[in-house]
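Chains as they are written, first to last, in the working numbering: chain A, 1 to 307; chain B, 1 to 254.
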Amino acid sequence: MMNGMDMTTKFTSLSDAIRQYVHDGDLVYASGFTHLIPFAAGHEIIRQGIKNLVLARATPDLLYDQMVAAGCARKVIFSYMGNPGVGSLRRVRAALESGELEWEEYSHFSMINRLQAGASGLPFMPMKQTGATDLESQNPNFKRVADPYTGEEVVVVPPLIPDVAIVHVQRADVNGNAHVWGILGEQRMAAFAAKKVILTVEEMVDEAVIRSDPNRTLIPGLVVDAVCHVPFCAHPSYTQGYHDRDNDFYLAWDEISKTDESVQAYLEEWVYGLPDRAAYWEKLGPEVHQRLHAGQRLSDPVNYGDY
Amino acid sequence: MAELDYNPKELMVVNAARLLRDYDVVFVGVGIPNLACNLARRTHAPNLQMIYEAGVIGAQPSRLPLSIGDPSLVTGSTSVCSMYDVFTLYLQRGNVDVGFLGGAQIDQFCNINATVIGDYQDPKVRLPGSGGSMEIAGWANRCYIITPHQKRRFPARVDFRTSIGFLEGGDARKKTGVRGGGPEAVVTNLGVMRPDENGELVLTAMHPGVTYEQVAENTGWLLKMVEDCTETEPPNADELRILREDLDPQRIYI
C-alpha cells in the first residue's frame, strides 16, 4: 500500500541494483541468520555471471552452496558451514576439501564481532577468550592483546567491511528506511558495516507507515544505496509473518547437492531458466504457496503519544 | 511395573532432561537438546528459560522447531535480540547457566572437535565448524553433551579443539581464565560420563542392561569407572508420553 511513491534514485530493480553494486572480486555479505536470507539476490548474481567473489556469512546456508557451485566465489568467510537442521553443506564442503575454494573461519561471536567493529567504525573489537586456541592459531586475524586496565588477555578481531551487503527486510519505504522483526541475526550490523547496501523488500510501504513505529526501523535509509521490491526473496528461508521456512526444500537440497550434475540441473531450471523472483515464486506453484502460508498473530499496538 | 520399550535417542533425551534444574537459563540448539529442555520444562523444571543462539529468549514454540532459526521460536517468545546481543548480553556477560554442545569428536578431557578430521589446512573431512560452540563451551556456567557412544566419536585426543573441555587435564582449563565451569556430563546411549577431579571423563552411570565392557569397547581411551557407578532410572511412562505425543509426534528426532 503505497501512496505517492517518489521515484528516487534508490528505488530500482534487483537486476539493476546487482549490476550497479556487485562487481567481480567484491566481498559480499548476504545477511540473515536462517531468516530473511536474500536468495533472489544470490540467484541474480549467478545469472549475471559475477565471479571471484569473497562470500561472507556466519552461516553460508544453501545460498552460498548454490553460488559456489555456480562458480561465483573464490573464497568464503564463515562460522558455521552446514545445511541448518539437515546436515552437511555439500558443495561448499567439497570445494574446501578439494582445495578449490579458499576459506577464512571464525566462531559465531568472533564473526559477528568483526561486523560490529566494521559497523561501529572501530579498528577492532575485543572479546573474552574462550580457552580454545586451535582456530585462533589457524586464523591470523585473531590476536591477543592485554586489557590496558587489568592486564588480562583479551582476543581481538579486526573490522569486516563488505564491499556490498544485501539485506532482506519485511517492509521499507522508497528511501530504504526498513522495519525488521523476527530473528535479527546480523542484519543491522551488516548494513552499517558495508560500503554499499542493497535492500530487498518484501512489502513497500509509505513513509508514514515507517514513521508510525520508528523503534522498529533497524536499518535507516541513510545507509541504504538501492531499494528493490522483491516479494518472496527469502525462499527457501523465510520472512517472518509473510511466509514460512520451506523445510522440505532444505531436505531436498541434501539430495540435490550430492552431485555437481544435479546442482547444475537445479541451477539451470530454477536460476538461469527464470528471469526473476516473480517467475520463481509462480513456478513453485499453489501447493507450496499454501504450505508456506504464515497465518496471523498480530502484536498489540503501542501508543507513541500525540505530541 | 511393566517394562517400557524405548529407543536409544529417547534414553538420551530423558537422561539429559534430568540434568537440568528448575530456573536454569539454557542456551539451546535444535534437535535432541531442544527436546531435552522442553521435556524438563514439562516435568521437573517448569521455570526453565530457553535462549536460542539465533537471539530468541523465552521461546515457547507451538511446533517442533526444525532449524535453529525456526519462525515458531519467535512467535510468542518473551524477547528477540540480535546475535551480537545474545552473545554479549547473555552469554559473555554470564547470564547463561547451561550450554548444550555437540561435535564429531569428544576426547578424554572433554575437548570437542566440530571443525575438521585430519589436517586443518588440508582437511580429510571438513565439518561445519564452531558456530557458537567455542563461546558456549568457554562461557556458559556449565555444559552438557549428548551424543551416541561410538569409538570414532570418543578418541583419546581430538584432531582439532574447536571448543574447550579441560584441555590436557589438571588445572589447564582453570589457568586459561575462561569464566565457565566447563562440561559436567556427557550423556550417551550407553550411560553417563562425567569429568573427574582431573578433568578426565569417567563412567559414572550406565543405562539398564549395559555392561562396562560395552562402554569401554566404544571408547577410544582406557575408560575408568567410578566405584559407585550407578544404573540410570529408565524413562518413565510420563516422560515417554510427553516426548512421543507432545514434543516430537512425527518422530523426527526420536
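Glycine included, every Cβ here is placed at the ideal spot set by N, Cα and C.
Residue i classed as buried or exposed, judged by whether at least 16 other C-beta atoms fall within 10 angstroms
{"i": "Thr-75 (chain B)", "result": "buried"}
{"i": "Tyr-64 (chain A)", "result": "buried"}
{"i": "Lys-128 (chain A)", "result": "buried"}
{"i": "His-293 (chain A)", "result": "exposed"}
{"i": "Ile-219 (chain A)", "result": "buried"}
{"i": "Glu-282 (chain A)", "result": "exposed"}
{"i": "His-44 (chain B)", "result": "exposed"}
{"i": "Met-5 (chain A)", "result": "Since pLDDT at Met-5 (chain A) reaches only 49, below the 50 mark, its modelled position is unreliable, and the value read off the structure follows with that caveat. Met-5 (chain A) comes out exposed."}
{"i": "Gln-66 (chain A)", "result": "buried"}
{"i": "Gln-108 (chain B)", "result": "buried"}
{"i": "Leu-298 (chain A)", "result": "exposed"}
{"i": "Leu-247 (chain B)", "result": "buried"}
{"i": "Glu-202 (chain A)", "result": "buried"}
{"i": "His-229 (chain A)", "result": "buried"}
{"i": "Gly-181 (chain B)", "result": "exposed"}
{"i": "Pro-236 (chain A)", "result": "buried"}
{"i": "Leu-64 (chain B)", "result": "buried"}
{"i": "His-289 (chain A)", "result": "exposed"}
{"i": "Val-222 (chain A)", "result": "One point to set straight first is that residue 222 (chain A) is Leu, not Val, in the sequence displayed. Under this definition Leu-222 (chain A) is an exposed residue."}
{"i": "Gly-60 (chain B)", "result": "Before going on, a small fix: residue 60 (chain B) reads as Gln here, not Gly. The residue in question, Gln-60 (chain B), is exposed, as its Cβ has fewer than 16 Cβ neighbours within 10 Å."}
{"i": "Pro-46 (chain B)", "result": "exposed"}
{"i": "Ile-252 (chain B)", "result": "exposed"}
{"i": "Thr-115 (chain B)", "result": "buried"}
{"i": "Glu-105 (chain A)", "result": "buried"}
Through-space distance from residue j to residue i, alpha-carbon basis
{"i": "Met-2 (chain A)", "j": "Glu-207 (chain A)", "result": "Low per-residue confidence applies at Met-2 (chain A): pLDDT is 48, beneath 50, and the placement is therefore not dependable, though the value from the model is reported in the following sentence. Roughly 9 Å separates the two Cα atoms."}
{"i": "Arg-245 (chain A)", "j": "Ile-210 (chain A)", "result": "26 Å"}
{"i": "Gly-29 (chain B)", "j": "Thr-59 (chain A)", "result": "15 Å"}
{"i": "Met-1 (chain B)", "j": "Tyr-52 (chain B)", "result": "With a pLDDT of 43 at Met-1 (chain B), under the threshold of 50, the predicted position of this residue should be treated as unreliable, and no value is reported."}
{"i": "Phe-100 (chain B)", "j": "Gly-129 (chain B)", "result": "16 Å"}
{"i": "Ser-77 (chain B)", "j": "Met-225 (chain B)", "result": "42 Å"}
{"i": "Leu-39 (chain B)", "j": "Leu-243 (chain B)", "result": "7 Å"}
{"i": "Asp-24 (chain B)", "j": "Leu-48 (chain B)", "result": "5 Å"}
{"i": "Leu-240 (chain B)", "j": "Gly-103 (chain B)", "result": "26 Å"}
{"i": "Ala-56 (chain A)", "j": "His-149 (chain B)", "result": "35 Å"}
{"i": "Glu-269 (chain A)", "j": "Val-263 (chain A)", "result": "10 Å"}
{"i": "Ile-106 (chain B)", "j": "Asn-113 (chain B)", "result": "6 Å"}
{"i": "Asp-61 (chain A)", "j": "Pro-84 (chain A)", "result": "7 Å"}
{"i": "Ala-117 (chain A)", "j": "Phe-154 (chain B)", "result": "38 Å"}
{"i": "Arg-93 (chain B)", "j": "Ser-79 (chain A)", "result": "21 Å"}
{"i": "Asp-238 (chain B)", "j": "Arg-144 (chain A)", "result": "51 Å"}
{"i": "Gln-48 (chain A)", "j": "Asp-248 (chain A)", "result": "28 Å"}
{"i": "Ala-191 (chain A)", "j": "Ser-98 (chain A)", "result": "33 Å"}
{"i": "Val-178 (chain B)", "j": "Asp-254 (chain A)", "result": "37 Å"}
{"i": "Gly-241 (chain A)", "j": "His-168 (chain A)", "result": "14 Å"}
{"i": "Val-28 (chain A)", "j": "Lys-258 (chain A)", "result": "26 Å"}
Residue from the options whose Cα sits closest to the Cα of residue i
{"i": "Ala-265 (chain A)", "options": "A:Leu-27, A:Ala-70, A:Gln-20 and A:Tyr-21", "result": "A:Ala-70"}
{"i": "Phe-87 (chain B)", "options": "B:Ser-79, B:Ala-104 and B:Gly-55", "result": "B:Gly-55"}
{"i": "Val-14 (chain B)", "options": "B:Asn-189, B:Gly-118, B:Asp-85 and B:Asp-70", "result": "B:Asn-189"}
{"i": "Asp-147 (chain A)", "options": "A:Gln-138, A:Met-125, A:Ala-132 and A:Arg-57", "result": "A:Met-125"}
{"i": "Gly-82 (chain A)", "options": "B:Val-98, B:Arg-126, B:Pro-71 and B:Pro-46", "result": "B:Arg-126"}
{"i": "Ser-120 (chain A)", "options": "A:Ser-79, A:Met-189 and A:Ile-18", "result": "A:Met-189"}
{"i": "Phe-142 (chain A)", "options": "A:Asp-163, A:Tyr-272, A:Gly-221 and A:Ser-107", "result": "A:Ser-107"}
{"i": "Tyr-272 (chain A)", "options": "A:Asn-177, A:Ala-30 and A:Ile-46", "result": "A:Ile-46"}
{"i": "Ile-18 (chain A)", "options": "A:Ile-50, A:Thr-217, A:His-35 and A:Phe-33", "result": "A:Ile-50"}
{"i": "Leu-89 (chain A)", "options": "A:Arg-74, A:Val-68, A:Met-111 and A:Glu-105", "result": "A:Val-68"}
{"i": "Trp-221 (chain B)", "options": "B:Asp-122, B:Val-202, B:His-207 and B:Phe-166", "result": "B:Val-202"}
{"i": "Val-22 (chain A)", "options": "A:Thr-34, A:Val-54, A:Ile-37 and A:Gly-32", "result": "A:Val-54"}
{"i": "Thr-147 (chain B)", "options": "B:Asn-236, B:Asp-5, B:Ala-185 and B:Tyr-212", "result": "B:Ala-185"}
{"i": "Val-180 (chain A)", "options": "A:Thr-200, A:Lys-195, A:Arg-277 and A:Val-92", "result": "A:Thr-200"}
Sheet register partners of residue i (DSSP bridge)
{"i": "Pro-126 (chain A)", "result": "A:Val-156"}
{"i": "Trp-195 (chain B)", "result": "Residue identity check: residue 195 (chain B) is Pro in the sequence provided, not Trp. BP columns for Pro-195 (chain B) point to B:Leu-201."}
{"i": "Cys-228 (chain A)", "result": "A:Thr-200"}
{"i": "Met-67 (chain A)", "result": "DSSP, once it has assigned bridges, lists no residue as partnering Met-67 (chain A)."}
{"i": "Phe-11 (chain A)", "result": "A:Val-227"}
{"i": "Leu-53 (chain A)", "result": "A:Ala-73"}
{"i": "Arg-171 (chain A)", "result": "A:His-179 and A:Glu-203"}
{"i": "Lys-143 (chain A)", "result": "A:Val-156"}
{"i": "Ala-185 (chain B)", "result": "B:Tyr-144"}
{"i": "Gly-285 (chain A)", "result": "For Gly-285 (chain A), which the question treats as bridged, DSSP gives no partner whatsoever."}
{"i": "Ala-165 (chain A)", "result": "A:Tyr-29 and A:Val-197"}
{"i": "Ser-137 (chain A)", "result": "None, per the DSSP bridge assignment."}
{"i": "Phe-154 (chain B)", "result": "Its beta-bridge partners do not exist; DSSP assigns none."}
Cross-chain neighbours of residue i in chain D, by beta carbon under 8 Å
{"i": "Met-189 (chain A)", "result": "Judged by its chain identifiers, the structure shown contains no chain D, and its protein chains are A and B."}
Which whole runs of the beta strand (DSSP E) in the segment 50–138 of chain B are 3 residues long or more, in chain order?
Fully enclosed beta strand (DSSP E) runs of 3 or longer: 98–101, 116–118 and 123–126.
4-residue-minimum alpha helix (DSSP H) runs that sit fully inside the segment 20–50 of chain A, ordered along the chain:
39–47
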